[in-house]
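Numbering (the UniProt record's numbering), first residue to last: 1 to 448.
Cβ coordinates follow ideal geometry from the N, Cα and C atoms, glycine included.
Treat the numbers as computed from the prediction; the structure is a model and nothing was measured.
Following this line, the structure appears as structure tokens:
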């Protein structure tokens with residue numbers, strides 16, 4: 001008796017609606033190969049493209065699992081490096097023993113200090129000094145991470161966050177000190193803290209708008225212009241802090257110390273003047289506000305469409321050039337606020353040699369997948385690593401260079417999946433290299 005789907009022998013390939021080899025083609029397509037091509041004979045390049053496609057299409061849960069796996073892998077590699085370094089070092093007694101072999105460094109103690117040490121004795125004293133350090137580092141990094149993310153959304157690589165932060169910090173310190181004689185006490189705090197933030201945002205925004213305008217109207221490469229402007233900002237700030245506005249009572253190149261009432265209130269960290277939960281709360285509010293701005297407003301739509309396809313945005317009525325300038329101005333303003341927060345919490349004045357928060361913000365943004373809200377968690381990880389490194393340096397014999405390697409491994413491994421995901425979203429890789437992948441370009445992350 002003849003089968004409805006084939007001949008009397010039940011061979012499905014003899015069905016009039018399916019040519020011989022269709023089943024093989026279907027299997028090949030399921031394996032990611034083109035019809036007529038065996039999935040097992042696909043080139044390594046095509047397999048790499050497929051892996052990139054899967055990474056781009058990963059859900060939020062899958063991305064979290066990937067980042068967690070990358071973190072564990074970095075810790076495992078660091079564990080081995082600590083053992084190797086401990087074996088190559090001479091010491092009176094072994095700190096760690098494995099299979100009867102002694103090592104001078106204990107990897108468990110190192111990672112315990114690196115991660116948990118950043119929170120101090122949190123159970124006994126939640127608001128301890130080490131946690132205060134973590135809070136202060138995290139707060140500034142949230143602002144610089146958001147700053148870079150905004151520029152990335154517009155298709156611009158703002159590597160000039162450090163210069164924008166430096167100028168924002170300097171302007172904030174000078175403005176607040178100049179006005180500190182007019183008001184005092186609680187009123188002074190309520191007036192001068194917002195003034196310092198506003199001045200930092202204004203100056204940082206102007207410094208960010210300059211490379212934005214050069215890119216939009218002169219087609220200047222923003223990487224080159226922002227790097228150059230970083231040098232200009234740091235050099236000019238050094239001149240001002242060592243010359244006209246130098247504190248005459250200090251040998252260091254710095255401005256005059258701000259009165260305590262002009263700084264962020266810090267009631268929850270007794271004895272510490274360099275950390276404020278209020279400043280951290282402000283950073284979180286700003287992150288949420290920027291996320292809404294990018295996802296829920298017409299300006300955010302213009303930013304994202306300009307970053308995805310500038311030509312299509314122009315065709316749709318978006319002024320791409322003006323949007324690029326506005327995006328860079330907003331990016332610079334956020335970095336400038338970060339500089340103001342640094343002055344009004346950590347430093348208490350402007351000092352040359354500000355840590356590289358602007359450059360760290362690039363890594364924070366990549367870790368967050370260019371998500372302003374995600375930058376909060378990424379900045380916390382960075383703040384934990386920075387604060388924990390101090391605990392490792394003080395509490396163990398591990399050299400600082402090795403601690404830096406461990407931090408770098410963690411950041412590298414956790415950031416790389418999101419970095420490649422950004423590449424896969426922005427670049428039509430297969431078209432560039434002779435493949436058949438359809439054009440793909442997005443703003444670097446589907447979540448704000």
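In chain order, 254, 255, 256, 257, 349 place their CB closer than 8 Å to the CB of residue 247, counting only its own chain and leaving out the 5 sequence neighbours on each side. A straight line joining the alpha-carbon of residue 117 with that of residue 67 spans about 22 Å. Between the stretch 117-127 and the stretch 379-388 there are three or more inter-stretch CB-CB distances shorter than 8 Å, so the stretches are counted as touching. Residue nearest to residue 74 within the set 415, 422, 423 is 415 (criterion: CA-CA distance). Per DSSP, residue 250 is not a residue of any beta strand (DSSP E), being assigned neither H nor E. With fewer than 16 other beta carbons inside 10 angstroms of its own, residue 90 counts as exposed. Within a 10 Å sphere around the beta-carbon of residue 337 sit 16 or more other beta-carbons, which makes this residue buried. Assigned with DSSP and collapsed to three states, residue 354 falls in coil, not helix or strand. If you draw a straight line from the Cα of residue 188 to the Cα of residue 358, it is about 29 Å long. Under a 10 Å Cβ-count criterion, residue 92 is classified as exposed, with fewer than 16 other Cβ atoms of the shown protein chains found around its own Cβ. The stretch 396-406 and the stretch 152-164 do not touch, with fewer than 3 CB-CB distances between them shorter than 8 Å. Separation of the CB atoms of residue 421 and residue 374 is rounded to 12 Å, and the pair is thereby denied contact status at 8 Å.
Of the candidates 45, 56, 49, 72, 72 places its Cα closest to the Cα of residue 413. Along the stretch 363-388, the beta strand (DSSP E) does not occur as any fully enclosed run of 3 or more residues. Closest by C-alpha distance to residue 397, out of 76, 105, 78, is 105. With fewer than 16 neighbouring CB atoms inside 10 Å of its own CB, residue 121 falls in the exposed class. CA-CA distance, residue 237 to residue 214, rounds to 22 Å. Straight through space, the alpha carbons of residue 278 and residue 268 are spaced by roughly 10 Å. Using a Cβ-Cβ distance cut-off of 8 Å, the stretch 195-207 and the stretch 321-334 are in contact, since at least three pairs of beta carbons, one from each stretch, lie closer than that value. The beta carbon of residue 418 sits closer than 6 Å to the beta carbons of 366, 369 from its chain, once the five residues preceding and following it are set aside; these are given in chain order.
Around residue 378, the same chain offers 145, 364, 367, 368 as residues with beta carbons nearer than 7 Å, after the five sequence neighbours per side are excluded. Counting the other CB atoms within 10 Å of its CB gives residue 221 a total below 16, which places it among the exposed residues.
Around the beta-carbon of residue 69, fewer than 16 other beta-carbon atoms lie within 10 Å, marking it exposed.
Residue 57 and residue 50 have their alpha carbons spaced roughly 11 Å apart.
Scanning its chain for C-beta atoms nearer than 7 Å, with the 5 sequence neighbours on each side dropped, one finds around residue 209 the residues 325, 328, 329, 332, in chain order.
Beta-carbon to beta-carbon, residue 107 and residue 79 are separated by about 5 Å, close enough to satisfy the 8 Å threshold. For residue 254, the pairing in a beta bridge is given by DSSP as 351.
Annotation: the stretch 203-291 contains the following complete segments of the alpha helix (DSSP H) (minimum length 4 residues), in chain order: 222-242. With distances taken between CA atoms, residue 274 lies nearest to 341 out of 98, 341, 307.
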